[in-house]
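First comes the structure, then the notes that go with it.
Protein chains: 2
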Amino acid sequence: MPSYTPPIRDLHYVLHDVLKVSQMPVPGYGDLDPATTAPILEEAGRLAAEVLAPLNAVGDAEGCRLENGTVRTPPGFSGAFAAMRDGGWNGLDLPEELGGQAMPYVLYTAVGEMFVSANMAFNMYQGLTHGAISAILAHGTDAQKETYLPPMVRLDWTGTMNLTEPHCGTDLGLLRTRAEPQADGSYRITGQKIFISAGDHDMARNIIHLVLAKAPGGGEGTKGISLFIVPKFLVNADGTLGERNAVSVGKIERKMGIHGNATCVMNYDGATGWLLGDLHKGMRAMFTMMNEARLGVGLQGYAVAVPAYQNAAAYARERLQGRAATGPANPAGPADPLIVHPDIRRSLMDQRSFLEGARALTLWGASLIDASHRSGDAGAEGLISLLTPVIKGFQTDKGFQMAAEAQQVWGGHGYVEEQGMSQFARDARITMIYEGANGVQALDLVGRKLAAEGGKPMMAFFGIVKEFIAENDGHEALKTGFLDPLKAASKDLQAAVTYFMQNGMKTPDAALAGSYDFMHLFGHVCLGLMWGRMAKASYAALETGTDDPAFHKAKIATGRYYMARQLPATALHLARITSGPGDVMALPAEAF
Amino acid sequence: MPSYTPPIRDLHYVLHDVLKVSQMPVPGYGDLDPATTAPILEEAGRLAAEVLAPLNAVGDAEGCRLENGTVRTPPGFSGAFAAMRDGGWNGLDLPEELGGQAMPYVLYTAVGEMFVSANMAFNMYQGLTHGAISAILAHGTDAQKETYLPPMVRLDWTGTMNLTEPHCGTDLGLLRTRAEPQADGSYRITGQKIFISAGDHDMARNIIHLVLAKAPGGGEGTKGISLFIVPKFLVNADGTLGERNAVSVGKIERKMGIHGNATCVMNYDGATGWLLGDLHKGMRAMFTMMNEARLGVGLQGYAVAVPAYQNAAAYARERLQGRAATGPANPAGPADPLIVHPDIRRSLMDQRSFLEGARALTLWGASLIDASHRSGDAGAEGLISLLTPVIKGFQTDKGFQMAAEAQQVWGGHGYVEEQGMSQFARDARITMIYEGANGVQALDLVGRKLAAEGGKPMMAFFGIVKEFIAENDGHEALKTGFLDPLKAASKDLQAAVTYFMQNGMKTPDAALAGSYDFMHLFGHVCLGLMWGRMAKASYAALETGTDDPAFHKAKIATGRYYMARQLPATALHLARITSGPGDVMALPAEAF
Numbered sequence: 322m323p324s325y326t327p328p329i330r331d332l333h334y335v336l337h338d339v340l341k342v343s344q345m346p347v348p349g350y351g352d353l354d355p356a357t358t359a360p361i362l363e364e365a366g367r368l369a370a371e372v373l374a375p376l377n378a379v380g381d382a383e384g385c386r387l388e389n390g391t392v393r394t395p396p397g398f399s400g401a402f403a404a405m406r407d408g409g410w411n412g413l414d415l416p417e418e419l420g421g422q423a424m425p426y427v428l429y430t431a432v433g434e435m436f437v438s439a440n441m442a443f444n445m446y447q448g449l450t451h452g453a454i455s456a457i458l459a460h461g462t463d464a465q466k467e468t469y470l471p472p473m474v475r476l477d478w479t480g481t482m483n484l485t486e487p488h489c490g491t492d493l494g495l496l497r498t499r500a501e502p503q504a505d506g507s508y509r510i511t512g513q514k515i516f517i518s519a520g521d522h523d524m525a526r527n528i529i530h531l532v533l534a535k536a537p538g539g540g541e542g543t544k545g546i547s548l549f550i551v552p553k554f555l556v557n558a559d560g561t562l563g564e565r566n567a568v569s570v571g572k573i574e575r576k577m578g579i580h581g582n583a584t585c586v587m588n589y590d591g592a593t594g595w596l597l598g599d600l601h602k603g604m605r606a607m608f609t610m611m612n613e614a615r616l617g618v619g620l621q622g623y624a625v626a627v628p629a630y631q632n633a634a635a636y637a638r639e640r641l642q643g644r645a646a647t648g649p650a651n652p653a654g655p656a657d658p659l660i661v662h663p664d665i666r667r668s669l670m671d672q673r674s675f676l677e678g679a680r681a682l683t684l685w686g687a688s689l690i691d692a693s694h695r696s697g698d699a700g701a702e703g704l705i706s707l708l709t710p711v712i713k714g715f716q717t718d719k720g721f722q723m724a725a726e727a728q729q730v731w732g733g734h735g736y737v738e739e740q741g742m743s744q745f746a747r748d749a750r751i752t753m754i755y756e757g758a759n760g761v762q763a764l765d766l767v768g769r770k771l772a773a774e775g776g777k778p779m780m781a782f783f784g785i786v787k788e789f790i791a792e793n794d795g796h797e798a799l800k801t802g803f804l805d806p807l808k809a810a811s812k813d814l815q816a817a818v819t820y821f822m823q824n825g826m827k828t829p830d831a832a833l834a835g836s837y838d839f840m841h842l843f844g845h846v847c848l849g850l851m852w853g854r855m856a857k858a859s860y861a862a863l864e865t866g867t868d869d870p871a872f873h874k875a876k877i878a879t880g881r882y883y884m885a886r887q888l889p890a891t892a893l894h895l896a897r898i899t900s901g902p903g904d905v906m907a908l909p910a911e912a913f
Numbered sequence: 322m323p324s325y326t327p328p329i330r331d332l333h334y335v336l337h338d339v340l341k342v343s344q345m346p347v348p349g350y351g352d353l354d355p356a357t358t359a360p361i362l363e364e365a366g367r368l369a370a371e372v373l374a375p376l377n378a379v380g381d382a383e384g385c386r387l388e389n390g391t392v393r394t395p396p397g398f399s400g401a402f403a404a405m406r407d408g409g410w411n412g413l414d415l416p417e418e419l420g421g422q423a424m425p426y427v428l429y430t431a432v433g434e435m436f437v438s439a440n441m442a443f444n445m446y447q448g449l450t451h452g453a454i455s456a457i458l459a460h461g462t463d464a465q466k467e468t469y470l471p472p473m474v475r476l477d478w479t480g481t482m483n484l485t486e487p488h489c490g491t492d493l494g495l496l497r498t499r500a501e502p503q504a505d506g507s508y509r510i511t512g513q514k515i516f517i518s519a520g521d522h523d524m525a526r527n528i529i530h531l532v533l534a535k536a537p538g539g540g541e542g543t544k545g546i547s548l549f550i551v552p553k554f555l556v557n558a559d560g561t562l563g564e565r566n567a568v569s570v571g572k573i574e575r576k577m578g579i580h581g582n583a584t585c586v587m588n589y590d591g592a593t594g595w596l597l598g599d600l601h602k603g604m605r606a607m608f609t610m611m612n613e614a615r616l617g618v619g620l621q622g623y624a625v626a627v628p629a630y631q632n633a634a635a636y637a638r639e640r641l642q643g644r645a646a647t648g649p650a651n652p653a654g655p656a657d658p659l660i661v662h663p664d665i666r667r668s669l670m671d672q673r674s675f676l677e678g679a680r681a682l683t684l685w686g687a688s689l690i691d692a693s694h695r696s697g698d699a700g701a702e703g704l705i706s707l708l709t710p711v712i713k714g715f716q717t718d719k720g721f722q723m724a725a726e727a728q729q730v731w732g733g734h735g736y737v738e739e740q741g742m743s744q745f746a747r748d749a750r751i752t753m754i755y756e757g758a759n760g761v762q763a764l765d766l767v768g769r770k771l772a773a774e775g776g777k778p779m780m781a782f783f784g785i786v787k788e789f790i791a792e793n794d795g796h797e798a799l800k801t802g803f804l805d806p807l808k809a810a811s812k813d814l815q816a817a818v819t820y821f822m823q824n825g826m827k828t829p830d831a832a833l834a835g836s837y838d839f840m841h842l843f844g845h846v847c848l849g850l851m852w853g854r855m856a857k858a859s860y861a862a863l864e865t866g867t868d869d870p871a872f873h874k875a876k877i878a879t880g881r882y883y884m885a886r887q888l889p890a891t892a893l894h895l896a897r898i899t900s901g902p903g904d905v906m907a908l909p910a911e912a913f
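One line per chain: the protein sequences are A and B, in this order.
Quick note on our numbering: the first sequence kicks off at 322 and runs consecutively.
Quick note on our numbering: the second sequence kicks off at 322 and runs consecutively.
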């Protein structure tokens with residue numbers, strides 16, 4: 322069974338050495354000193370490593386079962402969920418008046434990385450509840466908040482999001498689920514929803530489904546969509562649970578991965594629901610949660626690859642196979658460990674240079690969400706809106722690729738389920754699909770975010786890169802190893818933006834045919850910037866004195882690897898973009 | 322359930338329009354005219370589409386079971402195997418005196434693509450038998466050939482290869498299975514082998530295991546290894562089956578994919594075996610089959626992605642979701658088909674431009690094996706030895722990536738096992754691992770093949786590219802769309818070779834740290850060359866007149882896409898290679 326070591330030191334490094342959160346001008350960040358964050362991260366790490374991680378393989382092997390209409394989660398999940406509940410982890414960043422601890426979202430995100438790494442399928446029950454709470458917080462009436470939120474914050478109840486239907490995924494304008502208004506102000510919800518993660522289970526007393534449906538009078542397409550609260554058990558006026566609502570599980574999907582999470586077909590047969598937010602404004606209500614939900618999936622993308630990397634590295638250090646080309650490294654043994662082989666190093670360096678960069682980018686993104694929510698910083702809001710599809714699409718593509726790389730280090734043993742390396746790759750695969758498939762992220766990025774506010778957020782990003790380079794240009798090692806490659810990569814990004822500006826208006830396909838490569842080009846520049854910042858922090862630590870020079874030297878070496886071996890991908894993506902839409906669209910549809 | 326359409330037209334195109342096999346100066350190729358190959362490909366296509374493909378999902382869902390020491394294959398496999406046997410497909414390229422049809426290997430390969438695409442796990446039972454036959458043909462005594470080969474050619478008996486042990490995969494020098502010589506000339510084989518594909522099953526009367534083991538007196542490491550024939554049932558002098566041999570199945574592995582093939586732990590408890598080939602020369606006996614076996618896995622790499630692509634394309638044409646940015650393409654319907662979206666096109670074009678290029682490369686490779694075996698062409702032998710790790714490593718990496726791309730087109734439905742798209746990705750994943758993990762292919766390429774014969778095969782490859790460019794330079798469309806990008810990519814490959822020559826001798830890590838990228842760089846140049854040849858053939862068809870201009874136009878458009886959007890990856894791989902080993906090897910082993 323794979324092991325998992327919470328990367329507490331690395332999380333601290335990003336929070337305190339790189340982002341320097343306690344110095345950021347965001348309300349609540351002043352308290353985020355190492356003395357406050359250390360015990361929280363350590364406690365979360367313990368829960369992740371000791372309780373959640375040992376259940377990861379169990380969840381994969383046992384899966385969820387539908388018994389008499391109720392989903393039975395894998396053995397041990399219920400107890401672990403109680404530990405998650407008792408630790409108050411779901412409320413870490415939620416309002417105190419609802420039972421939360423009102424800490425910044427960036428800390429919730431750092432904690433979340435460990436929960437996802439330990440057991441991604443399990444953590445989704447909590448993560449989806451957190452998302453549903455955000456929706457009710459943003460759009461619910463005071464009565465709704467009072468009724469639903471305290472038990473949801475406590476994880477006595479959980480939540481789900483119901484968007485997809487058999488014939489409609491991305492294109493929600495096609496949805497058919499109907500909401501008929503009733504005399505008492507409620508609605509009768511009828512229709513079928515599919516791919517509902519955590520749609521049912523046996524770990525909480527109630528489940529609050531948030532359901533997109535069409536109420537009369539809203540017009541065609543997405544305009545007519547509203548969002549409804551549909552509890553599994555109706556809630557009495559005093560907060561106790563009443564009758565079972567007319568919502569049921571049609572089946573559990575058999576999936577490539579995340580077997581521990583019940584992906585349900587949900588049937589609404591005239592179920593009682595209540596409008597959440599404004600009538601016919603359901604899409605807007607959904608979109609307010611989008612940045613956070615998509616950042617969360619971007620986090621899953623790299624977080625699931627963290628234990629994959631850890632176990633690949635451990636195997637490479639232990640497995641004896643072959644001899645180093647430079648002479649035996651383990652002359653007393655029958656062979657050298659795999660890690661002497663340069664190609665194994667290449668693979669491990671590809672993995673860790675991505676993972677550590679993605680961690681920094683994700684936590685920076687979470688801090689931008691805090692800045693937007695806590696200080697109403699419009700610049701931060703614009704920037705995170707721009708970066709969200711990049712974080713989601715780039716990090717999940719790379720995360721899957723890196724999980725597969727980690728599996729490869731194990732050779733044939735990586736293909737056998739018993740060793741657990743396959744599960745990381747299979748679990749990672751979903752992150753590229755849900756919460757908006759990555760092609761849709763690329764479309765959102767190029768079709769909407771790039772031109773938003775007249776391009777202001779994109780210009781702001783270039784400004785950040787430029788300023789970082791200008792500020793640190795005097796540091797020779799930083800300049801040659803980091804700033805120069807970052808400058809070149811940023812120039813490629815700029816060239817892609819220019820190409821879109823010059824061609825995208827008159828030929829939309831010119832932009833859309835390059836959208837996926839743009840998302841990756843942008844992702845690389847983001848990670849290049851993050852590595853620049855980390856290198857700066859580590860050079861500073863080494864220059865001013867640190868009790869852990871090996872740690873900082875490893876960061877610089879890993880960063881140099883990224884800049885030399887990953888960042889040059891920007892030129893390839895630019896070449897693909899500027900080759901234009903002609904070759905992409907050349908064939909008639911029937912030729913496929 | 323996914324569908325599968327045998328690409329007969331495309332196979333014919335490569336054989337006759339591109340390679341022009343019947344004009345190649347290889348014995349037996351003169352008969353390979355379209356009139357001969359057409360009925361064979363069509364008959365094989367029927368078996369693939371009608372019998373094997375419908376069992377692909379069954380094999381995945383049901384898997385193999387171990388019952389009272391015998392492996393039970395999935396329902397339907399036994400009947401399909403009988404059809405494979407009755408069709409004589411295993412003997413297509415085997416000697417007539419053994420019951421085969423003595424056709425060229427290139428035709429066996431073309432047929433094999435369809436069997437693999439239809440049901441990769443199933444086809445391995447035949448494919449491994451074919452490999453074992455090759456070994457006995459090359460190294461067996463006349464008596465051994467007479468005893469074992471006719472029933473194996475007929476598929477009355479099947480074969481396996483037993484190399485791996487729990488503690489040794491690539492590094493066979495570590496193996497512990499022992500062979501003790503007996504007075505009657507036989508050996509007693511004792512040890513445990515793992516990951517034995519088709520190790521046991523219920524579809525044939527006997528199984529001939531070829532087993533690597535150490536006999537006394539051979540010295541340490543790989544030098545002491547010999548190859549043995551160990552039948553499941555001992556064979557009497559008259560060819561009838563005798564006693565059960567002391568070989569048994571320890572367990573069946575639970576794997577990520579290819580569930581229909583029984584991957585067994587095989588226990589040899591003093592089993593009776595006979596030496597195959599020379600004592601202590603077992604490694605050499607293994608290596609003579611390597612090119613063919615690895616080409617076969619390279620074929621699997623792209624062949625499994627063929628039905629994945631077909632089903633992605635079909636879904637993209639049918640699934641209505643969203644509207645084209647350029648205006649509704651299906652105004653009467655509720656939405657446009659996915660295929661109107663440029664990013665879906667990008668994905669499908671990435672897939673098909675790889676698949677069609679890989680098909681041409683694989684069949685060209687098979688023709689080189691024929692040239693080497695049938696005419697003793699040393700140049701062909703050198704070239705295919707060089708190209709084999711490229712075909713295996715590059716095509717399986719890309720095949721997996723493309724199967725995952727095809728899965729992505731299906732969105733959430735691609736993650737659900739019911740639709741079958743996940744299986745293609747899970748099955749494809751093994752091809753990167755077995756028959757020498759891709760990192761080992763890269764090592765073989767850079768560490769052995771590149772410098773073989775003083776670099777003659779590598780120079781021969783550059784000569785082929787150069788000559789092709791020079792010969793066709795007068796064709797303007799070919800020049801700008803194909804020859805110019807091929808020239809640039811070939812220059813990158815040349816620069817990588819030069820880098821290795823200048824640095825690899827004094828710093829082996831300089832070559833080894835770039836080996837994986839070199840394998841991919843080389844793979845892209847190979848596919849660039851293949852697309853150049855295909856474009857030439859299709860331009861010629863269009864210029865001289867063809868009854869299917871749409872087919873040839875699609876080929877040219879697909880090729881142009883590859884040259885514009887895939888081939889530029891050579892520059893990235895070169896940049897990674899020339900960044901040197903420093904960043905790859907910078908960290909101490911304990912930092913991982």
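Think of the CB as a built atom: it goes at the ideal place given N, C-alpha and C, for glycine as much as any other residue.
Asked: Chain B contact for A/Leu387 (CB, 9 angstroms cutoff); Found: no
Asked: Assigned secondary structure, A/Lys874 (DSSP; H/G/I helix, E/B strand, else coil); Found: helix
Asked: Selection from A/Gly714, A/Ala724 and A/Tyr350 that minimises the alpha carbon distance to A/Phe843; Found: A/Gly714
Asked: Closest Cα partner of A/Tyr636 within the set B/His333, B/Thr326, B/Ala910 and B/Pro348; Found: B/Ala910
Asked: B/Val427 to B/Ala798 span [Cα, whole Å]; Found: 30 angstroms
Asked: Uninterrupted alpha helix (DSSP H) stretches inside the segment 543-619 of chain A (no shorter than 4 residues); Found: 603-608
Asked: Nearest residue (CA-CA) to A/Trp767, options A/Gly853, A/Asp794 and A/Gly835; Found: Note on identity: in this sequence residue 767 of chain A is Val, with Trp being the wrong assignment. Nearest of A/Gly853, A/Asp794 and A/Gly835 to A/Val767, Cα basis: A/Gly835.
Asked: Any 3 or more C-beta pairs closer than 8 angstroms across the segment 766-782 of chain B and the segment 600-617 of chain A; Found: no
Asked: Inter-residue Cα distance where the pair is B/Ile790 and B/Lys341; Found: 19 angstroms
Asked: Residues bridged to A/Glu792 (per DSSP); Found: None; A/Glu792 has no bridge partner.
Asked: Beta-carbon neighbours of A/Leu676, restricted to chain B and to distances below 9 angstroms; Found: Here the premise fails: no neighbours, minimum Cβ distance about 12 angstroms.
Asked: Separation of A/Met577 from B/Phe443, as counted between CA atoms; Found: 21 angstroms
Asked: Spatial distance of B/Val379 from A/Gly571 (CA atoms); Found: 23 angstroms
Asked: Cβ of B/Arg499 within 9 angstroms of any chain A Cβ; Found: no
Asked: As assigned by DSSP and simplified to three states, the class of A/Ala504; Found: coil
Asked: Buried versus exposed, by CB contacts within 10 Å (16 or more), B/Pro395; Found: buried
Asked: Residues bridged to A/Leu641 [DSSP beta-bridge criterion]; Found: A/Pro658
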